[in-house]
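Residue numbering for the sequence shown is 382 to 638, as defined by UniProt numbering. Just so it is clear, CB atoms sit at the ideal spot from N, CA and C, and this is done for glycine as well. Just so you know, these numbers come straight off a predicted model, no measurement behind them.
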Amino acid sequence: LDHSQPVLKIEHLSKKFGGVVAVNDLSFEVRPGEILGLIGPNGSGKTTVFNLISGVYPIDSGDILFEKKNLVGQPPTAIVLSGISRTFQNIRLFGSMTVLENVQTALHTASNYSLLEAFIQWPWSVNPMEQRQREQALELLKLVDLEEYADRVAKTLPYGLQRKLEIARALALNPRLLLLDEPAAGMNPKESLELVDLIARIHKLRNLTIILIEHHMDVVMNICERIVVINFGSKIAEGTPQEIQCNPAVLEAYLGD
Ligand code: ADP
Numbered sequence: 382l383d384h385s386q387p388v389l390k391i392e393h394l395s396k397k398f399g400g401v402v403a404v405n406d407l408s409f410e411v412r413p414g415e416i417l418g419l420i421g422p423n424g425s426g427k428t429t430v431f432n433l434i435s436g437v438y439p440i441d442s443g444d445i446l447f448e449k450k451n452l453v454g455q456p457p458t459a460i461v462l463s464g465i466s467r468t469f470q471n472i473r474l475f476g477s478m479t480v481l482e483n484v485q486t487a488l489h490t491a492s493n494y495s496l497l498e499a500f501i502q503w504p505w506s507v508n509p510m511e512q513r514q515r516e517q518a519l520e521l522l523k524l525v526d527l528e529e530y531a532d533r534v535a536k537t538l539p540y541g542l543q544r545k546l547e548i549a550r551a552l553a554l555n556p557r558l559l560l561l562d563e564p565a566a567g568m569n570p571k572e573s574l575e576l577v578d579l580i581a582r583i584h585k586l587r588n589l590t591i592i593l594i595e596h597h598m599d600v601v602m603n604i605c606e607r608i609v610v611i612n613f614g615s616k617i618a619e620g621t622p623q624e625i626q627c628n629p630a631v632l633e634a635y636l637g638d
């Protein structure tokens, strides 16, 4: 990690949907290794920012620089391969696959495995690459405390555990920057406390840079080193959790929520 340079630089980013300005001339930076909170009232443009970074929607104007490389115009797959992965506000898993298979398919995406597999006929009953991916998938499940659920069908897991599985899938893509979109949504207080621990653990273990969108303020204030606050697509404040908590513009934005 080059600590003098931001990992991600958002510059004058704008996006409209019809007449709705979802993101409005937004600029902020993410420093190497930090957990940055992205907060704001409902509909303020947070998820759109993630959708623009991950290439889900084309931007109207601005730049998104990841490790100095401009991501604008790149397809989502290229952005994943360059080192950014994310989770979704509405969980996206392969519901009828097992927990283990869900992670394995993500590992597949991140490797050239499927390509090689097409050329090599393994003489053994167990393909060594498949075996290795199985072990890697189990490692990831262990990391998010889901090892014991490996063979469960994903959609039968309680909601909070599905959220953890989404994180394991995002990690399987081997990101340097991880975007977490409301990972504590639908979790009870005990589960969100565990989630804070989990995020802190993977952050440290994987040397990750993280942007976290989260409604649960206790989660945000507990693990974010810095916070960017947006309202109507524009940045209204930026600072440490302490600074944000007593910022009048932030309090006003949330009162209207
Ligand atoms: P947040 O994540 O902060 O709740 P969003 O980024 O989801 O906010 O939404 C910001 C604004 O953009 C909202 O007014 C929302 O209705 C609008 N918006 C987001 N995505 C779309 C879309 N695909 N089509 C039309 N409008 C959208």
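Asked, Found
"Lining residues of the ligand ADP - beta-carbon closer than 6 Å to any non-hydrogen atom, in sequence order", "PHE398, VAL401, ALA403, GLY421, ASN423, GLY424, SER425, GLY426, LYS427, THR428, THR429"
"8 Å CB neighbourhood of PHE616 in its chain, flanking five on each side removed", "The amino acid occupying residue 616 in the given sequence is Lys; Phe does not appear at that position. Result list for LYS616: LEU407, SER408, PHE409, VAL609, VAL610, in chain order."
"The ligand NAP heavy atom lying under 6 Å from the CB of THR537", "Of the ligands this structure carries, namely the ligand ADP, none is the ligand NAP."
"Stretch-stretch touch, CB-based, cutoff 8 Å, three pairs: the segment 556-572 with the segment 524-537", "no"
"Same chain, Cβ closer than 6 Å to VAL600, five either side skipped, listed in chain order", "ALA565, SER573, VAL577"
"For THR621, three-class secondary structure by DSSP", "coil"
"Three-state class that DSSP yields for VAL525 in the structure shown", "coil"
"Candidates PHE469, ARG473, PRO629, VAL430, of which the one nearest VAL453 by Cα", "VAL430"
"Limits of the unbroken beta strand (DSSP E) element including GLY443", "442-447"
"Cβ separation of LEU419 and LEU593, assumed to be a contact under 8 Å, to the nearest whole Å", "7 Å"
"Residue range of the unbroken beta strand (DSSP E) whose run includes SER395", "389-398"
"Other residues of its chain near ALA499: CB distance less than 8 Å, five sequence neighbours each side excluded", "Only weak support is given to the placement of ALA499: the predicted model assigns it a pLDDT of 49, under 50, and the value that follows is read from those uncertain coordinates. The answer is none, since no qualifying residue turns up."
"Neighbour flag for PRO556 against chain B, beta carbons, 7 Å", "Among the chains of the structure shown, chain B does not appear; only one protein chain is present."
"Extent of the continuous beta strand (DSSP E) to which THR429 belongs", "Careful: THR429 lies outside any beta strand (DSSP E), inside the alpha helix (DSSP H) at 427-434."
"Backbone CA spacing between GLU392 and GLY443 [nearest angstrom]", "6 Å"
"Within 7 Å, strictly: CB atoms of PRO413 and THR621", "no"
"ILE604, enclosing alpha helix (DSSP H) - first and last residue", "598-604"
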